[in-house]
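*Asks:*
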Amino acid sequence: MKTEAQPSTSSLANTSWTGTVISDTVPGSQTWEDKGPLTWSATSGTSEAQVSAARVAEAQARTSQPKKNSVLEAATASVLKQKSMYEKVQVTEKKQSEVLLARPFWSSKAEYILAQVGFSMKPSCLWRFAHLWLNSGGCSFAAIYIFMLFLVGVPLVFLEMAAGQSMRQGGMGVWKIIAPWIGGVGYSSFMVCFILGLYFNVVNSWIIFYMSQSFQFPVPWEKCPLTMNSSGFDPECEQTTPSIYFWYRQTLKASDRIEDGGSPVYSLVLPFFVCWCLVGAFMINGLKSTGKVICILVLLPYFIIIGFFIRSLLLEGAKFGLQQLVVAKISDVYNVSVWSVAGGQVLFNTGIGLGSVASLASYMPQSNNCLSDAFLVSVINLLTLLIVTSFNFSILGFWATVITHRCCERNAEILLKLINLGKLPPDAKPPLDLLDNPTSIYNTWFNGLPQHIKSMVLREVTECNIETQFLKASEGPKFVFLSFVEAMSFLPLSVFWSFIFFLMLLTMGLSSAIGIVQGIITPLQDNFSFFRKHTKLLIVGLFLLMFACGLFFTQPSGSHFIKLLSNHWIVFPIIVIAIFETMAVSWAYGARRFLADLTILLGHPISPIYGWLWPCVCPVVLLILFVTVMVRLCMKPITYMSWDSSTPVIPALWEAKTGGSQGQEIETILANMVKPRLY
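So the sequence shown is numbered by this note's numbering: it starts at 86 and just counts up by one.
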């Protein structure tokens with residue numbers, strides 16, 4: 086097309102997309118001057134007006150030749166025209182000066198990369214990725230995830246980085262400039278980012294609450310609390326485990342049903358407010374302070390991760406956990422559901438469709454190599470997930486080993502009591518010495534029993550199996566707040582390791598919250614000059630608004646809504662937004678034209694493969710992903726785990742639809758829950 090063959094007319098190369106120019110008026114300053122979307126510079130505006138006025142004067146002279154005007158009249162008319170033109174230029178400059186505000190750079194590229202990494206490494210990504218690895222095919226899921234990351238994730242991250250960086254606009258304005266008819270994508274990403282920000286800090290408040298409780302010895306999720314004015318344990322806690330009781334009853338104060346509202350849980354309101362105060366304090370002074378804080382918040386977790394990784398390798402059962410890590414179910418490679426889950430996880434982990442990637446990139450120079458940044462951030466994200474998943478599996482192997490040991494010891498005690506009572510024959514007597522390796526000794530004895538004795542034993546006690554116990558690791562936030570904290574309580578110096586673990590989660594959560602909020606603040610400042618002039622007022626007002634709205638998720642039923650939003654809702658708008666983003670760049674503006682403009686800005690050629698990935702591969706993959714997610718959701722009803730205080734079985738699974746009944750699957754789960762406690 087002609088537009089592609091004429092770089093001089095390219096809107097990206099001439100920076101007419103954003104209407105911004107680099108300020109050279111102050112020596113040594115590195116600020117971007119925002120001239121507004123409709124006016125570029127006073128010099129260019131004046132020259133165009135002069136040329137236009139000259140052409141008009143020539144045309145009028147040619148048409149008015151028969152009429153003889155005096156030299157005085159002609160001179161007067163010329164002066165009046167020049168005066169009118171001068172006044173228009175002055176008015177334009179006045180309007181420009183009203184919206185002329187500095188757009189800062191990141192202090193260094195390292196701060197920018199860490200900001201992108203911190204935003205993408207959400208705490209929920211860690212436990213969700215590990216749980217999917219465990220239950221969706223093992224190494225097969227990991228291979229599918231890596232393939233989808235480089236097929237769709239990296240190209241889309243590069244697209245958002247390039248768009249935000251070249252146009253110096255946030256996630257809302259960038260798409261209006263590329264294709265005005267598709268500008269609604271920016272508003273959609275803004276709303277999704279806002280809703281995500283409302284409940285994201287609620288998860289951080291859970292972390293702060295656990296961190297504050299970890300200073301006790303023993304930690305409160307290690308043992309059941311005593312009943313008031315009694316020496317016995319709480320009867321509700323005795324029906325389940327201390328970690329489950331502490332999570333549902335003392336942290337969330339969870340309601341029995343999602344329809345049950347109630348006032349906010351006051352023990353979570355203060356941590357929730359502290360989270361917003363911390364994020365506000367980090368961002369109140371703009372990028373200069375945010376960049377320094379990001380360096381600490383992002384780098385500190387990596388030191389803790391390395392420490393946990395080394396410590397986890399020294400635990401009993403770590404070898405078993407790592408063996409589960411390398412298990413691969415080849416049949417899952419042909420499972421469409423696994424591909425769908427992996428694709429959705431790639432989009433969520435990379436932060437595509439939220440506008441934050443473009444907003445963070447808008448504070449980088451146009452000549453920055455955003456392609457290498459996209460690869461670097463994605464690879465760091467992937468390596469972090471792999472390392473964290475490794476120590477997760479090591480610690481879960483230790484957790485399953487300890488639980489199985491206690492199960493064997495408990496079964497031995499029960500069998501001895503039943504033999505003394507005459508309910509079991511003496512042949513069912515277990516070995517007395519189980520201290521060295523309870524699981525191995527008990528299972529060796531149990532497997533050597535005659536079949537009829539073995540059947541009698543199984544009727545009285547539960548079967549202790551480390552593989553089965555390992556697969557019982559909870560899903561979602563409960564993966565951390567149930568399985569993982571229980572494993573922490575088994576470690577020597579459990580108080581120290583629990584505090585360090587929650588400190589790691591908190592720093593990662595705060596760095597992600599900063600990225601989410603930046604995706605909200607930047608579009609507001611780009612579209613409203615008032616917010617650019619009063620940044621602190623915007624930040625304070627926005628945080629108060631989000632704190633007030635987020636209190637909804639701190640009520641007893643709030644955790645149910647968070648699970649439904651994070652597991653079932655957020656993937657839909659992200660996929661739709663990503664589809665329209667690729668359409669805007671690939672079809673509305675033109676992928677080859679976009680790459681040609683980037684080549685001019687970056688100063689080096691870009692692989693033409695992206696001219697094929699953006700318009701062809703990414704939209705097709707995203708559309709298939711959207712259809713499979715819809716089908717999977719329609720085929721499987723939405724469920725949530727709640728606290729049922731009316732039955733002996735405390736955690737109960739309910740269908741998340743009005744009037745839903747508990748089906749066969751739910752009955753099976755409840756039947757498994759009524760088995761005796763393992764320790």
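The beta carbon of each residue, even a glycine, is placed where N, CA and C say it ideally should be.
1) Where do the ends of the alpha helix (DSSP H) carrying Glu401 lie?
2) Skipping 5 residues on each side, what residues in its chain have a beta carbon closer than 7 Å to that of Cys703?
3) Rounded to whole angstroms, what is the Cα-Cα separation between Val364 and Thr724?
4) Considering only residues of the same chain and omitting the five flanking positions on each side of Ile551, which have a CB-CB separation below 7 Å?
5) Could you please give the first and the last residue of the uninterrupted alpha helix (DSSP H) stretch that includes Tyr295?
6) Report the start-end ranges of each alpha helix (DSSP H) in the region 595-662 that is 4 residues or longer and not cut off at the edges.
7) From the DSSP secondary-structure annotation, give me the bridge partner or partners of Phe62.
8) For the region 452-528, which segments carrying the alpha helix (DSSP H) assignment without a break, of at least 4 residues, lie completely within its bounds, in sequence order?
9) Enumerate, from N- to C-terminal direction, the unbroken beta strand (DSSP E) stretches of 3 or more residues contained entirely within the region 185-235.
10) Determine, using beta carbons only, whether Gly440 and Cys278 come nearer to each other than 7 Å.
11) Look at Val442 and Glu196 and say whether their C-beta atoms are less than 7 Å apart.
12) My understanding is that Ala673 touches Ile267, with C-beta atoms under 8 Å, so please give their C-beta distance in whole angstroms.
13) Check whether the region 287-302 touches the region 358-374, counting contact only when three or more Cβ pairs, one atom from each stretch, lie closer than 8 Å.
14) Around the Cβ of Met589, are there at least 16 other Cβ atoms within 10 angstroms (buried) or fewer (exposed)?
15) So, at 6 Å on beta carbons, what are the nonlocal neighbours of Leu410 in its own chain, with the 5 sequence-adjacent residues on each side left out?
16) Candidates Ile685, Met715, Tyr695, Leu281: which alpha carbon is nearest Gly438's?
17) Find the nearest neighbour of Met541 within the set Thr529, Phe569, Val565, Asp512, judged by alpha-carbon distance.
18) Could you check which residue in Val602, Ser348, Ala403, Leu509 has the C-alpha nearest to that of Phe628?
19) Going by beta-carbon coordinates alone, are Val580 and Trp306 separated by less than 7 Å?
20) Determine the direct distance from the alpha carbon of Ala227 to that of Ser671, and round the result to whole angstroms.
21) Please work out which residues of its chain come closer than 8 Å, Cβ to Cβ, to Val656, disregarding the five sequence neighbours upstream and downstream, and give them in chain order.
22) Please say whether Gly255 and Ser374 have beta carbons closer to each other than 7 Å?
23) With Asn434 as the anchor, note down where its alpha helix (DSSP H) starts and where it stops.
24) By the three-class DSSP mapping on this structure, what secondary structure does Thr547 have?
25) Here's the rule: buried if 16 or more other CB atoms are within 10 angstroms of the residue's CB, otherwise exposed. What is Thr435?
26) Report the partner residues of Ala413 according to the DSSP bridge assignment.
27) For a quick check, are the C-beta atoms of Ile480 and Ser614 less than 7 Å apart?
28) Can you round the beta-carbon distance between Arg253 and Ser447 to whole angstroms, since I take them to be within the 8 Å contact cut?
29) Using only alpha-carbon positions, find the residue among Phe214, Ser251, Leu217 that is nearest to Phe679.
30) Using the Cα positions of Met720 and Leu683, report the straight-line distance between them to the nearest angstrom.
31) Would you say Leu567 and Phe214 are within 7 Å of each other, going by their C-beta atoms?
32) Using a Cβ-Cβ cut-off of 7 Å (strictly less than) and excluding sequence neighbours within five positions of Cys380, which residues of its own chain qualify?
33) Can you tell me the Cα-Cα spacing of Trp424 and Trp699, whole angstroms?
34) Thinking C-alpha only, which one of Ser352, Ala669, Ile465, Gly223 is nearest Ala264?
35) Label Gln640 either buried or exposed according to how many other C-beta atoms from any shown protein chain fall within 10 Å of its C-beta, with 16 as the threshold for buried.
36) Give me the Cα-Cα distance between Phe204 and Leu578, rounded to the nearest whole angstrom.
*Replies:* In short, the structure shows the following:
1) Looking at the DSSP string, Glu401 is not in any alpha helix (DSSP H), and its letter there is neither H nor E.
2) Val237, Pro240, Leu241, Thr667, listed in sequence order.
3) 33 Å
4) Phe405, Ala485, Thr486, Thr489, Thr524
5) 269-298
6) 614-618, 620-635, 643-649
7) Coverage of the chain is limited to positions 86 through 764, which leaves residue 62 absent and any answer about it impossible.
8) 455-505
9) 187-189
10) For Gly440 and Cys278, yes; Cβs fall inside 7 Å.
11) no
12) 6 Å
13) yes
14) buried
15) So the list reads Phe478, once near-sequence residues are dropped.
16) Leu281
17) Looking at the Cα atoms, Asp512 is the closest of the given residues.
18) The shortest CA-to-CA distance from Phe628 to any of Val602, Ser348, Ala403, Leu509 is the one to Val602.
19) no
20) 29 Å
21) Same-chain partners within the cutoff: Gly429, Leu432, Phe433, Val714.
22) no
23) Here the alpha helix (DSSP H) through Asn434 covers 421-435.
24) coil
25) buried
26) Gly223
27) No, these two residues do not count as a Cβ contact at 7 Å.
28) Confirmed, about 5 Å.
29) Ser251
30) 44 Å
31) no
32) Glu196, Leu199
33) In this structure, the alpha-carbon of Trp424 lies about 20 Å from that of Trp699.
34) Ala669
35) buried
36) Rounded to the nearest whole angstrom, the C-alpha separation of Phe204 and Leu578 is 31 Å.
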